[in-house]
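Following my numbering, the numbering of the sequence shown begins with 23 at its first residue and continues without gaps. Working notes, structure below.
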Amino acid sequence: MALMFSRLARNFARNGYYPTDELTLERTLQALVPASSGRMRILDPCSGEGVALAEVAHRLERDRTEAYAVEYDKERADHSKTLLDRVLQGDLMDTMISRQSFGLLWLNPPYGDLVADHSGASQYQGSG
Numbered sequence: 023m024a025l026m027f028s029r030l031a032r033n034f035a036r037n038g039y040y041p042t043d044e045l046t047l048e049r050t051l052q053a054l055v056p057a058s059s060g061r062m063r064i065l066d067p068c069s070g071e072g073v074a075l076a077e078v079a080h081r082l083e084r085d086r087t088e089a090y091a092v093e094y095d096k097e098r099a100d101h102s103k104t105l106l107d108r109v110l111q112g113d114l115m116d117t118m119i120s121r122q123s124f125g126l127l128w129l130n131p132p133y134g135d136l137v138a139d140h141s142g143a144s145q146y147q148g149s150g
């Protein structure tokens with residue numbers, strides 16, 4: 023775990039749950055600008071409790087933003103459902119998402135050496 027941000031390392035032992043830390047979220051939100059017109063669909067494919075994506079939706083003008091999420095853990099998915107428009111509780115690898123369905127994809131760190139595919143996920147064919 024040498025490449026993982028130290029402020030995120032504390033989350034490593036929490037069943038693979040890595041909530042976006044406040045500093046990262048705050049800096050990212052500052053870089054986002056709402057679209058000049060129309061609606062936007064945003065997706066977090068590993069939403070956790072949905073807090074980060076809810077903040078993103080608020081920053082992008084909540085009434086013009088549709089927030090979608092996928093979360094494997096039932097308890098966290100249930101919490102996400104209280105904050106977001108649509109939440110699918112299930113395995114992302116079994117989810118089919120059409121091309122160009124979303125204008126923004128939220129993927130939070132840690133990245134570091136956790137990006138290595140030790141699970142074989144890159145070879146996963148899905149069941150859908």
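Cβ atoms here follow ideal geometry from the backbone N, Cα and C, with glycine treated the same way. Computed from a prediction, not measured in an experiment: that's the story for all the values here.
F124 to D95, Cα distance in whole Å?
23 Å
Just the C-alpha distance for I119 and G112, rounded to the nearest angstrom, thanks.
13 Å
In or out: N130 buried (at least 16 other Cβ within 10 Å) or exposed?
buried
Classify L65 as helix, strand or coil using the three-state DSSP reduction.
strand
Using 8 Å as the threshold, is the region 83-94 in touch with the region 50-67, meaning 3 or more CB pairs across them?
yes
Across which residues does DSSP place L54 in a beta bridge pair?
DSSP lists no partner for L54.
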